[in-house]
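Residue numbers (this note's numbering), protein chains in the order written: chain R, 44 to 493; chain G, 1379 to 1725.
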């Protein structure tokens, strides 16, 4: 075959740059013409809409900004300064309470620290070339909660639960070392340690031994250090505000996820007993409003228990919310699994995979990918559902927003806190949905490097 | 008046009463637990309020704290249980709560049909009406044909119906469960008047931009003796809660306050004072409490008048504002000043 040689002197076809559209067909004026004023009817419609917008926005702006009072020590003082404006001074006064509820003022740093640790824990997932993302994610779900509860609850912990909590410290350190090593040297901590101990040419599972030893040493150290101080006990009844909202939303999502997957698998099972009981459970809980479920857990559960049994209300609410979220997740997971072509199942069994390995290694990773957008939607819904706990006497963000106007100083303050709550929820949910859209675009599921 | 009751749950609670008849008395349970489980209602100005640093305070809270001070010697050892309206009786009947103080009116039905016992009154309220001054209405009798905003599910609805039928007038009720919505509707002219307990009306009025534009009508159309409820069938515990409130009233009558009680304990002025503080006599024996029980209440919580001033009156000096409802001349004045606040003799 003769080579095609192109000499640099040969003329190459380059299209002329396209000319801009004629003056009448572009620019701001054109945009307005074609979109807002292209016919008499649209012109009228545009003007009416603009007027309506103005008639809502202008008084709102006057109330919320122009006439607003930012500094006052009581609501009466706000009125004295400006009768027609928002009393943002009240929101500022109660701001910390909105964030932490009744969490003791001197202990609020623990709530902050817990949040910072969670962000720190999750951070490696977003970094490039980190090879231990799966471990980071799994430990975040399984180990971090112990550390968080240790921090938030405080008090005197017996050795075994304390060791679980301190395992969290160990994992946080090791995960980060491993992440940094794999970013800089392309080998993670386990592989480095394996190299030093001469395990590199052994079976890959031997790489675990030095890691286990490392965790044991770090955990033991952390336990010893943890005995040198005692965090004052903060009962769950005084957790509140945005902090409680996060605790409930995050933990009920975490609990719901495995339950939902198991329920979905159960519903698709070949065993009639498993299938029927899972289906019944899903259908019953799914046909109940969340409020009803919460009331059932709070009111009816104690009735069936021996008299005087003390219930932790947070635990009750978590059980109710997790079950509720789990059945919806189960249906999402089931639909995700149904989207996987039959050939995948057959290929997996042809390769000799059993049920669990096929599910874990072949089906779930693909199903989770297709489910991502719906999962994000569900987590947003879950965050908003948590506000229902305020009707069972827990002071989450909404509960605190409502409490702040029930005292002689800020008597009747409720529009401003609720507006503040609306904005806060909008920001949280909007960023979650933006992130969901970003995941969708990357086409990557939970398993493949978020 | 605030007593939204779900009958079904009340009956369920009654049906389960035998289950709740537990071996250990409430007093023993409280001592063992080291805290009093006190059921309160939704936060409300004056009765149950949250301070910005997360501490509950108010008129009803004071009763919970006084019980804790009497039984455990420490007014802070209270677990406040915020129970939803529908679950209030269940929670008390099955032993989750030790007492219930949520501005609840004592009525025949409540005391006899719900498995509860009323203790004693810690605040006398009565239902009233509030109208805009511009309406020119000067008496509740002029409300014929008026639309009145009210809270459904409280005794207040029946009170209004009773009042209207007694006086041959028609009043159209408009129900709003949420206080803020009720007030906003009233302010926007959605109803001609609002009705609730007079202390509640005072608080509502104080929350308006221009309180002076509104007037609470002189008529009081109902009796609302408010106080703590306990579980039926434990008379020792009922006595304790009853006499804790009586002790606060008695302390005021014999001149003991949280400020002077230590001085008086060192130098009692009279035999009734020394008997009250447990320096002589055996008033504590029947209650199963320490001799210092009444001293602890006054020391850590205060006498009736002090508590009234803190939350329903002007409020502490330099501290949070009170409700500013004058006590003199009201039913909540001491019996010596023509009120109804009265305690049986401490003998």
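Positions of the beta carbon are idealized from the N, C-alpha and C atoms, including for glycine.
Predicted model only: the values in this text are computed from it and were never measured.
C-beta neighbour in chain G for residue i, strict 7 angstroms
i	result
residue 452 of chain R	yes
residue 480 of chain R	no
residue 140 of chain R	yes
residue 276 of chain R	no
residue 334 of chain R	no
residue 342 of chain R	yes
residue 126 of chain R	yes
Spatial distance of residue i from residue j (CA atoms)
i	j	result
residue 1714 of chain G	residue 1654 of chain G	20 angstroms
residue 1400 of chain G	residue 1541 of chain G	Bear in mind that a pLDDT of 49 at residue 1400 of chain G, under 50, signals an unreliable position, so the number given afterwards is only what the model happens to contain. Cα to Cα, residue 1400 of chain G sits roughly 43 angstroms from residue 1541 of chain G.
residue 297 of chain R	residue 184 of chain R	7 angstroms
residue 404 of chain R	residue 289 of chain R	32 angstroms
residue 480 of chain R	residue 168 of chain R	18 angstroms
residue 1702 of chain G	residue 1512 of chain G	24 angstroms
residue 145 of chain R	residue 249 of chain R	49 angstroms
residue 318 of chain R	residue 300 of chain R	19 angstroms
residue 1486 of chain G	residue 1494 of chain G	11 angstroms
residue 261 of chain R	residue 251 of chain R	15 angstroms
residue 111 of chain R	residue 463 of chain R	14 angstroms
residue 223 of chain R	residue 408 of chain R	26 angstroms
residue 196 of chain R	residue 230 of chain R	38 angstroms
residue 1413 of chain G	residue 189 of chain R	27 angstroms
residue 1467 of chain G	residue 1452 of chain G	27 angstroms
residue 107 of chain R	residue 210 of chain R	49 angstroms
residue 548 of chain R	residue 72 of chain R	Missing from the structure shown is residue 548 of chain R; chain R here goes from 44 to 493 and no further.
Contacts of residue i in chain G (Cβ-Cβ under 8 angstroms)
i	result
residue 345 of chain R	1468, 1469, 1472, 1474
residue 457 of chain R	1558
Residue i at chain R interface by Cβ criterion, 7 angstroms
i	result
residue 1492 of chain G	no
residue 1524 of chain G	no
residue 1703 of chain G	no
residue 1388 of chain G	Because residue 1388 of chain G carries a pLDDT of 45, less than 50, the predicted location of this residue cannot be relied on, and the following value inherits that uncertainty. No, residue 1388 of chain G lies away from the interface with chain R (no Cβ there is under 7 angstroms from its Cβ).
residue 1596 of chain G	no
residue 1465 of chain G	yes
Within chain R, the residues that residue i reaches when beta carbons sit closer than 9 angstroms
i	result
residue 1698 of chain G	450, 451, 452
residue 1432 of chain G	140, 143, 144, 145, 146, 147, 148, 281, 283
For residue i, the residue or residues it bridges with in DSSP
i	result
residue 1499 of chain G	G:1605
residue 1719 of chain G	G:1712
residue 1508 of chain G	G:1572, G:1594
residue 76 of chain R	None, per the DSSP bridge assignment.
residue 1434 of chain G	G:1428
residue 1525 of chain G	G:1550
residue 112 of chain R	R:130
residue 1477 of chain G	G:1416
residue 1483 of chain G	G:1604
residue 1422 of chain G	G:1426
residue 1697 of chain G	Answer is none; residue 1697 of chain G lacks a bridge partner.
residue 284 of chain R	R:439
residue 1632 of chain G	Beta-bridge pairing links residue 1632 of chain G to no other residue.
residue 1726 of chain G	Outside the shown range of chain G, which is 1379 to 1725, sits residue 1726 of chain G, and nothing can be said about it.
residue 1494 of chain G	G:1609
Closer than 7 angstroms at the beta carbon, the chain R residues around residue i
i	result
residue 1422 of chain G	449
residue 1427 of chain G	449, 450
Partners in chain G for residue i, counting only beta-carbon separations shorter than 7 angstroms
i	result
residue 398 of chain R	Per Cβ cutoff of 7 angstroms: no residues; residue 398 of chain R is ~44 angstroms from chain G at best.
residue 137 of chain R	1430
Closer than 8 angstroms at the beta carbon, the chain R residues around residue i
i	result
residue 1509 of chain G	Here the premise fails: no neighbours, minimum Cβ distance about 18 angstroms.
residue 1561 of chain G	455
Minimum Cβ-Cβ distance from residue i to chain A less than 7 angstroms
i	result
residue 1471 of chain G	The structure shown has no chain A; the protein chains it does contain are R and G.
Mind listing which residues of the stretch 421-455 of chain R have their C-beta closer than 7 angstroms to chain G's C-betas, in chain order? 434, 435, 436, 446, 449, 450, 451, 452, 454, 455
According to a CB-to-CB cut-off of less than 9 angstroms, which residues of the stretch 110-123 of chain R neighbour chain G? 117, 118, 119, 122
Listed in chain order, which residues of the stretch 145-179 of chain R have Cβ atoms closer than 9 angstroms to some Cβ of chain G? Flagged, chain order: 145, 146, 147, 148.
Going along the stretch 1445-1461 of chain G in order, which residues come within less than 8 angstroms of chain R, judged by CB to CB distance? Within the stretch 1445-1461 of chain G, contact with chain R at the beta-carbon level (separation under 8 angstroms) is assigned to 1457, 1458, 1459, 1460, 1461.
Listed in chain order, which residues of the stretch 1581-1613 of chain G have Cβ atoms closer than 7 angstroms to some Cβ of chain R? 1581, 1584, 1585, 1587
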